[in-house]
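*Asks:* Here it is: the structure, laid out below.
Number of protein chains: 2
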Amino acid sequence: MIDRSATAVRPLPDELADRIDLAAPVFADNGLDATRIDDLAKATGIPRATLYYYFPGKEHILAHLLSRTLRQMTATLSDVAAEPGTGRERLARLVRAHLVFIGEHGPTYRLLFAELGRAASLVDIAAGVDVAILSPIRQALRDGHNDGSLHIDDVSAAASVVYGAVLVTGMQHLLLGTSGDLANRADAISNVILRGIGGQRTPRQSRRTTTGGT
Amino acid sequence: MIDRSATAVRPLPDELADRIDLAAPVFADNGLDATRIDDLAKATGIPRATLYYYFPGKEHILAHLLSRTLRQMTATLSDVAAEPGTGRERLARLVRAHLVFIGEHGPTYRLLFAELGRAASLVDIAAGVDVAILSPIRQALRDGHNDGSLHIDDVSAAASVVYGAVLVTGMQHLLLGTSGDLANRADAISNVILRGIGGQRTPRQSRRTTTGGT
DNA sequence: GTGACGATTGGACGATACGTCTAAGCTACG
DNA sequence: CGTAGCTTAGACGTATCGTCCAATCGTCAC
Chain G
1 MIDRSATAVR PLPDELADRI DLAAPVFADN GLDATRIDDL AKATGIPRAT LYYYFPGKEH
61 ILAHLLSRTL RQMTATLSDV AAEPGTGRER LARLVRAHLV FIGEHGPTYR LLFAELGRAA
121 SLVDIAAGVD VAILSPIRQA LRDGHNDGSL HIDDVSAAAS VVYGAVLVTG MQHLLLGTSG
181 DLANRADAIS NVILRGIGGQ RTPRQSRRTT TGGT
Chain Z
1 MIDRSATAVR PLPDELADRI DLAAPVFADN GLDATRIDDL AKATGIPRAT LYYYFPGKEH
61 ILAHLLSRTL RQMTATLSDV AAEPGTGRER LARLVRAHLV FIGEHGPTYR LLFAELGRAA
121 SLVDIAAGVD VAILSPIRQA LRDGHNDGSL HIDDVSAAAS VVYGAVLVTG MQHLLLGTSG
181 DLANRADAIS NVILRGIGGQ RTPRQSRRTT TGGT
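Protein sequence lines correspond, in order, to chains G and Z. Quick note on numbering: the first sequence equals residues 1 to 214 in my numbering. Quick note on numbering: the second sequence equals residues 1 to 214 in my numbering.
Take a look at the structure:
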């Protein structure tokens, strides 16, 4: 379903489908609007007129590429989620796989989110993000709750926490080029998420060290 | 420092500074590129030539607006963070205040992130986000750890988790128009973060209910 | 072989915005 | 009164978009 709307009106020949991938780095470097159709033509070797023959505009070319990446991500994550283990184990694996994916598809992933809110044709993609990312997380959470390896009160809140942690960590990595190893970060945030940051079981609000904020 | 680069080259007269705010909804509705300078001129009542007199281009107008919102957010959050209480209490308040802010400044907030990666002039803003958002969180986390109300092993991982949860929740609200009350969601994610989603204290990986994934 | 049809592509075109620039008017201050 | 800076209308030149046309080419059916 993503295919029909996000991709070309005419079916894209295989040979073209391969070449069009060369447009990804161009978009990644420049963003949607700074990218000129002529740049895409040059980068892909597909003449401008031909691009317009298959795509209504550059925005749809981007949509095509993003939906492709999204499909990859969906496949990757759902594979990981399908491996056996407790929900808890699978959740940790998901977090890790997701971060690794971000590490590998950095520019495109960033593009995915940079352009998400924009361009009407990308709406399908926004929905796809939910399916690709949140749904396997929710599933692992539910399974973990059922098999006793996790304790979930509010699945959607928990999913937001998990995904948010991954997203922010990934984006910090992409935008700020934070310290190397994403796999380590994955473990760190999994730890936080699993154990929580609450102090002792019975929190004592007695001592208040009013550390002067700022 | 944000001021000098992100705002105008010439000092912006007060009267203009007020009017220029009217450009925010236009940007919010259309995004950076779909917004025409003439639209801004019309919306603000400031003639095109005058806009160009003070700003090098529309991109800088947006930067001006965003840095303004960012300052507001910085102020709001640091106020909240400064209120007395345990780190844990202040963290919860931060989460709530942040989500409320998102609820109130929805379109601009979304714009803030939609345009973050783009446009060279917005780099300062990316740095500002870190200062405005993550730094008070980290502070609350540290204080909470010191006063015993929180238990933090890895401050930066914990901060990513907290901020990620807020961001994703807020974005879901903005993009998908999820169910109403952001304050409720704030409590829900605070709960998750504080308590963690790990099952019993000693996780048993014995029983594996291999719930068919997908 | 020939004709038809779709794919392919170069190049021209009109439209839209951008950002620049000029020149005229206005305000304020000395 | 004169200078300096602010303000603004409008004209320009440039870039890019998306459309369109015409020429070419390959393939398939008859």
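By construction, the Cβ of each residue, glycine as well, lies at the ideal position given by its N, Cα and C atoms. Keep in mind it's a predicted model, so treat the numbers as computed, not measured.
For the alpha helix (DSSP H) containing G/Arg-96, name the first residue and the last one.
*Replies:* Position 96 of the first sequence, counted from the first residue, corresponds to residue 96 of chain G. G/Arg-96 -> alpha helix (DSSP H) spans 87-104.
*Asks:* Tell me, please, whether the CB atom of Z/Tyr-109 is closer than 8 Å to any CB atom in chain G?
*Replies:* For the purposes of this step, residue 109 of chain Z is identified with residue 109 of the second sequence, where counting begins at 1. Z/Tyr-109 does not count as touching chain G.
*Asks:* Does the pairing of the region 68-75 of chain Z with the region 39-49 of chain Z give three or more beta-carbon distances under 8 Å?
*Replies:* Using a Cβ-Cβ distance cut-off of 8 Å, the region 68-75 of chain Z and the region 39-49 of chain Z are not in contact, since fewer than three pairs of beta carbons, one from each stretch, lie closer than that value.
*Asks:* Using alpha carbons as the reference points, say which of Z/Leu-182, Z/Arg-88, Z/Val-100 lies closest to Z/Ser-149.
*Replies:* Mapped onto the second sequence, residue 149 of chain Z falls at position 149. When the alpha-carbon of Z/Ser-149 is set against those of Z/Leu-182, Z/Arg-88, Z/Val-100, the nearest one is in Z/Arg-88.
*Asks:* Less than 7 Å between C-beta atoms, sequence neighbours within five positions excluded: which residues of the same chain meet that for G/Pro-136?
*Replies:* Numbered from its first residue, the first sequence carries residue 136 of chain G at position 136. For G/Pro-136, where only same-chain residues beyond five positions count, the Cβ hits under 7 Å are Leu-77, Ser-78, Ala-81, Leu-94.
*Asks:* Any idea if G/Tyr-53 is buried or exposed, counting beta-carbon neighbours within 10 angstroms, 16 or more meaning buried?
*Replies:* For the purposes of this step, residue 53 of chain G is taken as the residue at position 53 of the first sequence. Exposed is the call here.
*Asks:* Which residues in the same chain as Z/Thr-35 place their Cβ atom closer than 7 Å to its Cβ, once the five residues preceding and following it in sequence are excluded?
*Replies:* In the second sequence, the residue the question calls residue 35 of chain Z occupies position 35. Val-26, Phe-27, Lys-58, listed in sequence order.
*Asks:* Whose C-beta lies closer than 8 Å to the C-beta of G/Leu-112 among residues of the same chain, with five residues either side of it excluded?
*Replies:* The residue given as residue 112 of chain G occupies position 112 in the first sequence. These residues qualify, in order along the chain: Leu-66, Thr-69, Leu-70, Ile-125, Val-129.
*Asks:* Tell me the DSSP secondary structure of G/Gly-144 in three-state form.
*Replies:* What you label residue 144 of chain G is simply residue 144 of the first sequence in a count that begins at 1. Helix, per DSSP.
*Asks:* Does DSSP put Z/Gly-196 in a helix, in a strand, or in coil?
*Replies:* The residue you call residue 196 of chain Z lines up with position 196 of the second sequence. Looking at Z/Gly-196 - three-state DSSP - the assignment turns out to be coil, as it is neither helix nor strand.
*Asks:* Quick check: what's the CA-CA separation for Z/Leu-141 versus Z/Val-161?
*Replies:* Taking the first residue of the second sequence as position 1, residue 141 of chain Z is located at position 141. Taking the first residue of the second sequence as position 1, residue 161 of chain Z is located at position 161. Going by the C-alpha atoms only, they are around 11 Å apart.
*Asks:* DSSP on G/Leu-150, reduced to helix/strand/coil?
*Replies:* Within the first sequence, residue 150 of chain G is the residue found at index 150, counting from 1. Strand at G/Leu-150.
*Asks:* Go ahead and pull the three-state DSSP assignment for Z/Gly-177.
*Replies:* Working through the second sequence from its first residue, we reach residue 177 of chain Z at position 177. Three-state DSSP puts Z/Gly-177 in coil, outside helix and strand.
*Asks:* Please classify Z/Glu-115 as buried or exposed, where buried requires at least 16 other C-beta atoms within 10 Å of its C-beta.
*Replies:* Taking the second sequence and counting its residues from 1, the one referred to as residue 115 of chain Z is at position 115. Buried is the call here.
*Asks:* Counting contacts by CB-CB distance shorter than 8 Å, is G/Leu-112 in contact with chain Z?
*Replies:* As a working mapping, residue 112 of chain G is identified with position 112 in the first sequence. No, G/Leu-112 lies away from the interface with chain Z (no Cβ there is under 8 Å from its Cβ).
*Asks:* If Z/Arg-138 sits next to Z/Ala-157, beta carbons under 8 Å apart, how far is it from one beta carbon to the other, in whole angstroms?
*Replies:* Numbered from its first residue, the second sequence carries residue 138 of chain Z at position 138. Numbered from its first residue, the second sequence carries residue 157 of chain Z at position 157. Not confirmed; about 11 Å, so no contact.
*Asks:* Would you list, in chain order, the members of the region 146-164 of chain G that have their beta-carbon closer than 9 Å to a beta-carbon of chain Z?
*Replies:* Asn-146, Asp-147, Gly-148, Ser-149, Leu-150, His-151, Ile-152, Asp-153, Asp-154, Ser-156, Ala-157, Ala-158, Ala-159, Ser-160, Val-161, Val-162, Tyr-163, Gly-164
*Asks:* List the residues of chain Z that G/Arg-96 touches, going by C-beta distances under 9 Å, in chain order.
*Replies:* Here residue 96 of chain G is taken as the residue at index 96 of the first sequence, counted from 1. By Cβ distance, chain Z contributes nothing, its closest Cβ being about 14 Å from G/Arg-96, past 9 Å.
*Asks:* Straight-line CA distance for Z/Asp-29 to G/Thr-169?
*Replies:* Stepping through the second sequence from its first residue, residue 29 of chain Z is reached at position 29. Stepping through the first sequence from its first residue, residue 169 of chain G is reached at position 169. Approximately 29 Å between the Cα atoms of the pair.
*Asks:* Considering only the alpha carbon of each residue, which of G/His-64, G/Pro-47, G/Ile-193, G/Asn-184 lies closest to G/Ala-24?
*Replies:* Counting from 1 along the first sequence, the entry for residue 24 of chain G is found at position 24. Of G/His-64, G/Pro-47, G/Ile-193, G/Asn-184, the residue nearest in Cα terms is G/His-64.
*Asks:* Reducing DSSP to helix, strand and coil, say where G/Leu-112 ends up.
*Replies:* Along the first sequence, read from residue 1 onward, the residue named residue 112 of chain G stands at position 112. In this structure, G/Leu-112 counts as helix in the three-state DSSP scheme.
*Asks:* Comparing alpha-carbon positions, which option in Z/Glu-83, Z/His-60, Z/Leu-182, Z/Tyr-163 lies nearest Z/Ala-132?
*Replies:* The count along the second sequence starts at 1 and reaches residue 132 of chain Z at position 132. Ranking the options by Cα distance to Z/Ala-132, first place goes to Z/Tyr-163.
*Asks:* Please tell me whether G/Leu-99 and G/Gly-144 are closer than 8 Å, where the distance is taken between their beta carbons.
*Replies:* Numbered from its first residue, the first sequence carries residue 99 of chain G at position 99. Numbered from its first residue, the first sequence carries residue 144 of chain G at position 144. No, they are not a contact pair.
*Asks:* Thinking C-alpha only, which one of Z/Gly-198, Z/Leu-51, Z/Leu-167 is nearest Z/Ala-96?
*Replies:* Counted from its first residue, the second sequence places residue 96 of chain Z at position 96. Inspection of the sequence shows that residue 96 of chain Z is occupied by Arg rather than by Ala. Among Z/Gly-198, Z/Leu-51, Z/Leu-167, the Cα nearest to that of Z/Arg-96 belongs to Z/Leu-167.
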